[in-house]
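Undergrad: In the order they appear, the protein sequences are chains A and B.
Counting along the first sequence from 1, when you hit position 245 you're at 245 in this note's numbering, and nothing is skipped either side.
Heads up, this note's numbering is the position in the second sequence plus 1000, with the first residue counted as 1.
The structure follows.
2 protein chains.
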Amino acid sequence: MTTSAQAAQPSPERIFETLTAFQQTEALRSAIELDIFTAIGEGATTAAALAHRCGASERGTRILCDYLTIIGFLTKEGGRYSLSPDSAVFLDRRSPACMASVSQFIGSAVRKGGTTESADVTTAPDDPMWVTFANAMAPMMRMPAERIAALLDAAAGKPWKVLDIAAGHGMFGITLARHNPQAEVVAVDWAAVLAVAKANAQAAGVAGRYRALPGSAFEVEFGNGYDVVLLTNFLHHFDAATNEKLLHKVNAALKPGGRAVTLEFVPNEDRVTPPVAAKFSLTMLAATDHGDAYTFPEYEKMFRNAGFSSSTIHPIPPSPGQVILSVK
Amino acid sequence: MTTSAQAAQPSPERIFETLTAFQQTEALRSAIELDIFTAIGEGATTAAALAHRCGASERGTRILCDYLTIIGFLTKEGGRYSLSPDSAVFLDRRSPACMASVSQFIGSAVRKGGTTESADVTTAPDDPMWVTFANAMAPMMRMPAERIAALLDAAAGKPWKVLDIAAGHGMFGITLARHNPQAEVVAVDWAAVLAVAKANAQAAGVAGRYRALPGSAFEVEFGNGYDVVLLTNFLHHFDAATNEKLLHKVNAALKPGGRAVTLEFVPNEDRVTPPVAAKFSLTMLAATDHGDAYTFPEYEKMFRNAGFSSSTIHPIPPSPGQVILSVK
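If you want it as structure tokens, here you go:
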């Protein structure tokens, strides 16, 4: 049997790889919690030095760092570990782009969802998870927020009333306000979460044009005359009928010609490509009662049923998310 | 920025992929528990038909099957799912090579290990986990067992006394007995596990030459004059000093020129290649207090310190395991 014939044979390898895939998650989370990446960046590069620095056993540290090398987060040369380019930028806490805090959210939210009997964990009022989320996801959302500001031509500086629904960390509305000095932002979310958003608005120098509107997006009075309504990473939590109800309310809040801006993971109609967007559906299965990763035709239909005249979809590479612009 | 320049940029993609890798494990385990693969093999190929057949919700079934398509266990065409070649052979319970039962073991053992405070879950006396293990792993070990029988030239039919330490399902000793009608096998393991091995020996038609010796490998009296001692997937549970103690005892049980046969995941000296063998170290970190995936020089030294004259290592592709033959 030749090597290529062997490769074409059915093999249990992928099954094992998948049944042990959870170890990758646990290893990376452990390393982030031990702050291994920062320690290596600071020069503790042997298992012994890292164990001492991170307060872990040498056996455990060595095995963990070897495993991280195998899965691509470190390199190893003569018993010394170095950071991979991704780890240096995104996992060393000294890096401005560090997203180590995200691991808290991704672990806790999805796991909690997966083990909760039936209650929908993501939409319970004032769930403290969302404060964690707001803090953790802000660094990751900077780039998509910049892309949205560019897509809307915020820098043109027209007088804008912006409504940011489920604002979270607030980065989307704040970024519009930074680029457009004529923009005023109203942010809707639970009160505890809006405290995070307001602090971020303060830090960005836009607090004077930033107003918090605490409560459920389905219940609070939005007001009207908005130029832009932001719906970022929100509609995936609900079924289509619930979304349409909300979108009717959004439509009523917009001025004629105003735009709803949806940021989502949008799979193709086959629902299995592209992989990152299509996989997101499983996260919604685990974390919500009725949520999903909807296709563009599904979103287009929801917006049309809610009174919008047209929707267009815009990739924002390298982010796997896409932006849907829907005009009233 | 060109596409290739973008690809070379540091990206958080791998970090997300890793933080969500546990979903792959959970999806595959769920699909095995729902017996989705058998259902598709039997002709239920739409989400609606599968949901009905497996007693699950249509939303959940559709999202789960889409996810399994994305990670390569199914294909999807016009809303109908088909089994990938690997799934058809290894996950459809109608296939003789089905290893769906393995998922029980891989999940339970490693997770249990990972969450146990300090007790070593794998070596506690009579741990019922090992009965599950014995039943689950037997189908997977058929091929390595055949390779070992060939490596030892069992078919030459010399009179052999074989000691199978931590026999488990018993497939290694049983396979030698099947190929060598002059072989007599003594199997050591916990009593409840040996019941599985004896049933397998009965089914293989070698029960008349198969004797059970219940107890701890560290404590029972092996007897002596053995031609072959099997140490399959066992030494990785312990530290080197403990292994050397056991190997002294094994050496004493062998006749001059007799061979110890070790089946293990053996990483290279860098401990980060080849990936499957090197990753196994993390499983031992999670599941044992002192176990490891040892390199060949480490095993060679343990056997030498225990009185063996030489050790050689033998790959048995496509299995990621390797066989070490050590001569008294």
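C-beta: ideal position from N, C-alpha, C; glycine also.
Owing to the predicted nature of the structure, the values given are computational and were not obtained by experimental measurement.
Under a Cβ-count criterion, where at least 16 other Cβ atoms within 10 Å of its own Cβ denotes burial, should Phe-218(A) be classed as buried or exposed?
TA: For the purposes of this step, residue 218(A) is identified with residue 218 of the first sequence, where counting begins at 1. By the 10 Å Cβ count, Phe-218(A) comes out exposed.
Undergrad: From the DSSP secondary-structure annotation, give me the bridge partner or partners of Asp-164(A).
TA: Within the first sequence, residue 164(A) is the residue found at index 164, counting from 1. The partner list for Asp-164(A) (beta bridge, DSSP) reads Ala-187(A), Leu-230(A).
Undergrad: Give a yes or no on whether 8 Å exceeds the smallest Cβ distance from Ser-1281(B) to chain A.
TA: One-based indexing of the second sequence puts residue 1281(B) at position 281. Chain A, which has a Cβ nearer than 8 Å to the Cβ of Ser-1281(B), makes this yes.
Undergrad: Among the residues of its own chain, which have a CB less than 8 Å from the CB of Ala-1021(B), if the five just before and after it don't count?
TA: In the second sequence, the residue the question calls residue 1021(B) occupies position 21. Within the same chain, Ala-1021(B) has no close Cβ partners at all.
Undergrad: For Ala-1212(B), which of Val-1206(B), Ala-1195(B), Gly-1223(B), Ala-1204(B) has the nearest alpha-carbon?
TA: Counting from 1 along the second sequence, the entry for residue 1212(B) is found at position 212. Ranking Val-1206(B), Ala-1195(B), Gly-1223(B), Ala-1204(B) by Cα distance to Ala-1212(B) puts Ala-1195(B) first.
Undergrad: In three-state DSSP terms, what is Arg-1062(B)?
TA: As a position in the second sequence, residue 1062(B) is number 62, starting the count at 1. It is helical.
Undergrad: Counting only Cβ pairs nearer than 9 Å, list the residues of chain B close to Ala-39(A).
TA: In the first sequence, counting from the first residue as 1, residue 39(A) sits at position 39. Neighbours of Ala-39(A) on chain B: none; closest Cβ ~18 Å, over 9 Å.
Undergrad: Is Asp-189(A) buried or exposed, if buried means 16 or more other CB atoms sit within 10 Å of its CB?
TA: Here residue 189(A) refers to the residue found at position 189 when the first sequence is read from its first residue. It is buried - the Cβ of Asp-189(A) has at least 16 other Cβ atoms within 10 Å.
Undergrad: For Ser-1084(B), count neighbouring Cβ atoms within 10 angstroms of its own Cβ and tell me buried if that reaches 16, exposed if not.
TA: As a position in the second sequence, residue 1084(B) is number 84, starting the count at 1. Flag for Ser-1084(B) reads buried.
Undergrad: Express the C-alpha separation of Ser-11(A) and Asn-1200(B) in angstroms, rounding to a whole number.
TA: Here residue 1200(B) is taken as the residue at index 200 of the second sequence, counted from 1. Here residue 11(A) is taken as the residue at index 11 of the first sequence, counted from 1. Approximately 24 Å, taken between the alpha carbons.
Undergrad: In angstroms with no decimal places, state the Cα-to-Cα distance between Pro-1256(B) and Leu-1263(B).
TA: Counted from its first residue, the second sequence places residue 1256(B) at position 256. Counted from its first residue, the second sequence places residue 1263(B) at position 263. In a straight line, the C-alpha of Pro-1256(B) is about 21 Å away from that of Leu-1263(B).
Undergrad: At least one CB of chain D closer than 8 Å to the CB of Val-1272(B): is that the case?
TA: The displayed structure is made up of protein chains A and B, and chain D is not among them.
Undergrad: Compile a chain-ordered list of the residues in the stretch 132-154 of chain A whose CB is closer than 8 Å to at least one CB of chain B.
TA: The stretch 132-154 of chain A vs chain B, Cβ under 8 Å: Met-140.
Undergrad: Could you give the distance in angstroms between the alpha-carbon of Ile-36(A) and the alpha-carbon of Ser-101(A)?
TA: On the first sequence, position 36 is the one that residue 36(A) refers to. On the first sequence, position 101 is the one that residue 101(A) refers to. Cα to Cα, the separation comes out at about 14 Å.
Undergrad: Consider the C-beta atom of Gly-170(A) and the heavy atoms of the ligand FMN; say whether any pair is separated by less than 7 Å.
TA: With respect to the ligand FMN, the structure offers nothing, as it holds no ligand at all.
Undergrad: Identify the residues that DSSP records as bridge partners of Leu-1083(B): which are they?
TA: As a working note, residue 1083(B) is residue 83 in the second sequence. Looking at the DSSP assignment, Leu-1083(B) forms a beta bridge with Leu-1074(B).
Undergrad: Is Gly-170(A) buried or exposed, if buried means 16 or more other CB atoms sit within 10 Å of its CB?
TA: On the first sequence, residue 170(A) is found 170 positions in, with the first residue counted as 1. Answer is buried; the Cβ neighbour count reaches 16.
Undergrad: State buried or exposed for Lys-76(A), treating a residue as buried only when at least 16 other CB atoms are found within 10 Å of its CB.
TA: Working through the first sequence from its first residue, we reach residue 76(A) at position 76. It counts as buried.
Undergrad: With a threshold of 7 Å on Cβ separation, who are the neighbours of Phe-1234(B) within its own chain once the five nearest residues in sequence on each side are excluded?
TA: Counted from its first residue, the second sequence places residue 1234(B) at position 234. These residues qualify, in order along the chain: Ile-1165, Ala-1166.
Undergrad: Does the beta carbon of Phe-1090(B) come closer than 8 Å to any beta carbon on chain A?
TA: Mapped onto the second sequence, residue 1090(B) falls at position 90. Yes, Phe-1090(B) lies at the interface with chain A (some Cβ there is under 8 Å from its Cβ).
Undergrad: Secondary structure at Ser-310(A), three-state DSSP: helix, strand or coil?
TA: Reading the first sequence from its first residue, position 310 is the one you call residue 310(A). Ser-310(A) falls in the strand class under three-state DSSP.
Undergrad: Using three-state DSSP, classify Gln-1322(B) as helix, strand or coil.
TA: Indexing the second sequence from 1 puts residue 1322(B) at position 322. Strand at Gln-1322(B).
Undergrad: Report the residue from Thr-18(A), Val-323(A), Leu-91(A), Gln-24(A) whose alpha carbon sits nearest the alpha carbon of Val-229(A).
TA: In the first sequence, counting from the first residue as 1, residue 229(A) sits at position 229. Comparing Cα-Cα distances from Val-229(A) to each of Thr-18(A), Val-323(A), Leu-91(A), Gln-24(A), the minimum goes to Val-323(A).
Undergrad: Using a Cβ-Cβ cutoff of less than 7 Å, which residues in the same chain neighbour Val-1272(B) once the five nearest sequence positions on both sides are dropped?
TA: In the second sequence, the residue the question calls residue 1272(B) occupies position 272. Cβ neighbours of Val-1272(B) beyond the five flanking positions: Ala-1278.
Undergrad: Closest to Lys-245(A) by CA distance: which of Ala-197(A), Tyr-210(A), Arg-304(A), Gly-223(A) is it?
TA: Reading the first sequence from its first residue, position 245 is the one you call residue 245(A). Cα-wise, what sits closest to Lys-245(A) is Arg-304(A).
Undergrad: Please classify Leu-1068(B): does DSSP put it in a helix, a strand, or coil?
TA: The count along the second sequence starts at 1 and reaches residue 1068(B) at position 68. Looking at Leu-1068(B) - three-state DSSP - the assignment turns out to be helix.
Undergrad: Along the chain, where does the beta strand (DSSP E) that runs through Pro-1214(B) open and close?
TA: Locating residue 1214(B) in the second sequence gives position 214, counting from the first residue. Residues 1210-1214.
Undergrad: Taking only the alpha-carbon atoms, compute the straight-line gap between Val-1162(B) and Ala-1197(B) and give it to the nearest angstrom.
TA: In the second sequence, the residue the question calls residue 1162(B) occupies position 162. In the second sequence, the residue the question calls residue 1197(B) occupies position 197. When rounded, the distance between both Cα atoms is 15 Å.
Undergrad: Could you give the distance in angstroms between the alpha-carbon of Ala-71(A) and the alpha-carbon of Glu-1298(B)?
TA: To locate residue 71(A), count along the first sequence from 1; it is residue 71. To locate residue 1298(B), count along the second sequence from 1; it is residue 298. For the sequence presented, residue 71(A) should be read as Ile rather than Ala. Going by the C-alpha atoms only, they are around 24 Å apart.
Undergrad: At 7 Å on the CB atoms, spell out the chain A contacts of Ser-1103(B), in chain order.
TA: Within the second sequence, the letter at position 103 stands for residue 1103(B). Simply Leu-19.
Undergrad: With a cut-off of 8 Å, does the C-beta of Met-1171(B) fall near any C-beta of chain A?
TA: Position 171 of the second sequence, counted from the start, is the residue given in the question as residue 1171(B). By this cut-off, Met-1171(B) is not an interface position.
Undergrad: Take Phe-1265(B) as the anchor and find which of Glu-1058(B), His-1237(B), Gln-1023(B), Ile-1174(B) has the nearest alpha-carbon.
TA: Along the second sequence, one-based indexing puts residue 1265(B) at 265. When each option's Cα is compared against that of Phe-1265(B), the closest is His-1237(B).
Undergrad: So with Cβ pairs under 8 Å, would you call Gly-1114(B) a contact of chain A?
TA: By one-based count along the second sequence, residue 1114(B) stands at place 114. Because the pLDDT of Gly-1114(B) is 34, which lies under 50, any placement of that residue in the model is unreliable, and the number read from its coordinates should be weighed accordingly. Yes, Gly-1114(B) counts as interfacial toward chain A.
Undergrad: Do you know whose CA, among Asp-1092(B), Gly-1225(B), Pro-1315(B), His-1314(B), lies nearest Ala-1183(B)'s CA?
TA: As a working mapping, residue 1183(B) is identified with position 183 in the second sequence. Of the listed residues, the one whose Cα sits closest to Ala-1183(B) is Gly-1225(B).
Undergrad: Check for me: the alpha helix (DSSP H) holding Val-276(A) runs from which residue to which?
TA: Position 276 of the first sequence holds residue 276(A). Note, Val-276(A): alpha helix (DSSP H), 275-287.
Undergrad: Once DSSP output is grouped into helix, strand and coil, what is the label at Ala-1240(B)?
TA: For the purposes of this step, residue 1240(B) is taken as residue 240 along the second sequence, with counting starting at 1. Three-state DSSP puts Ala-1240(B) in a helix.
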